[in-house]
Amino acid sequence: MATTVTQDIQVTARCRYEAAHSDPTIGRFIFSYRITIMNRGRETVRLKSRHWIVRDSLAARRSIEGPGVVGETPTLGPGEEFSYGSMCDLRSGYGTMEGTYRMVRTQDGREFDVDIPSMSLEFPHGWN
4 MATTVTQDIQ VTARCRYEAA HSDPTIGRFI FSYRITIMNR GRETVRLKSR
54 HWIVRDSLAA RRSIEGPGVV GETPTLGPGE EFSYGSMCDL RSGYGTMEGT
104 YRMVRTQDGR EFDVDIPSMS LEFPHGWN
């Protein structure tokens with residue numbers, strides 16, 4: 004588990020290897036992750052977009068951008084949180100994911116970026 008706080012927005016990330024969906028013999032390593040975003044501030048904010056950077060030890064760095072997360076652009080009042088889950092695929096059993104969320108303050112429309120903590124994606128049997 005990893006946590007960051009940027010401008011009163013806390014982001015907690017958890018990831019795990021999904022053996023049932025992976026096939027290491029063909030270079031298919033699937034990792035699930037769960038993100039919780041909590042508004043620790045006094046202003047209401049809305050998640051506008053995401054930007055992920057995925058590094059894979061056997062592949063080129065990927066940049067993934069798009070509106071919202073899992074089809075949603077959640078609005079968070081003070082003290083509210085939003086959680087979602089998704090997945091990431093790698094060609095190798097080792098990599099990282101990190102990035103930013105673009106947030107907007109609903110009162111005045113000011114936009115700002117919130118850090119997504121780095122997650123280590125590691126095939127659990129790779130060290131044997």
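Counting from 1 along the sequence shown, just add 3 to a position and that's the residue number in the numbering used here.
Don't be surprised by glycine CBs; every beta carbon is placed ideally from N, CA and C.
Tell me which same chain residues have a C-beta within less than 8 Å of the C-beta of Gly30, skipping the five on either side of it? Residue 30 sits at position 27 when you count from the first residue of the sequence shown. If we look at Gly30 and ignore the five residues flanking it on each side, its Cβ neighbours are Leu61, Arg94, Ser95.
Examine the Cβ distances between the region 39–50 and the region 74–93 and report whether three or more of them are shorter than 8 Å. yes
Sorted by chain position, which residues of the same chain lie with C-beta nearer than 8 Å to Arg37's C-beta, five sequence neighbours on each side aside? Here residue 37 refers to the residue found at position 34 when the sequence shown is read from its first residue. Excluding positions up to five away in sequence, the list reads Ala16, Arg17, Cys18, Ser86, Tyr87, Gly88.
Would you kindly report the start and end of the unbroken beta strand (DSSP E) that includes Pro120? Stepping through the sequence shown from its first residue, residue 120 is reached at position 117. It spans 114–125 - the beta strand (DSSP E) in which Pro120 sits, taken as one unbroken run.
Can you tell which of Thr99, Glu114, Tyr97, Val8 has its C-alpha closest to the C-alpha of Ile40? Residue numbering aside, residue 40 sits at position 37 when the sequence shown is read from its first letter. The residue with the shortest Cα to Cα distance from Ile40 is Val8.
Cut-off 8 Å between Cβ atoms - residues of its own chain near Arg64, not counting five sequence neighbours on either side: Mapped onto the sequence shown, residue 64 falls at position 61. Here the set comprises Ile56, Val57, Arg58.
Is the Cβ-Cβ distance between Ser52 and Arg113 less than 8 Å? As a first step, residue 52 is located in the sequence shown; it is residue number 49 there, counting from the start. As a first step, residue 113 is located in the sequence shown; it is residue number 110 there, counting from the start. No, the pair does not count as a contact, with Cβ atoms beyond the cut-off.
Note down, in chain order, each residue of its chain lying with its Cβ closer than 7 Å to the Cβ of Ser123, except the 5 sequence neighbours on either side. Translated into the one-based positions of the sequence shown, residue 123 becomes position 120. So the list reads Thr99, once near-sequence residues are dropped.
So Pro127 and Ala5 are supposed to be a Cβ contact under 8 Å. How far apart are they, rounded? Along the sequence shown, read from residue 1 onward, the residue named residue 127 stands at position 124. Along the sequence shown, read from residue 1 onward, the residue named residue 5 stands at position 2. Not quite, the Cβ-Cβ distance comes to about 18 Å (not below 8 Å), so this is no contact.
Relative to the C-alpha of Asp116, which candidate in Glu125, Gly102, Thr109, Gln110 has its C-alpha closest? Here residue 116 is taken as the residue at index 113 of the sequence shown, counted from 1. The shortest Cα separation from Asp116 among Glu125, Gly102, Thr109, Gln110 belongs to Gly102.
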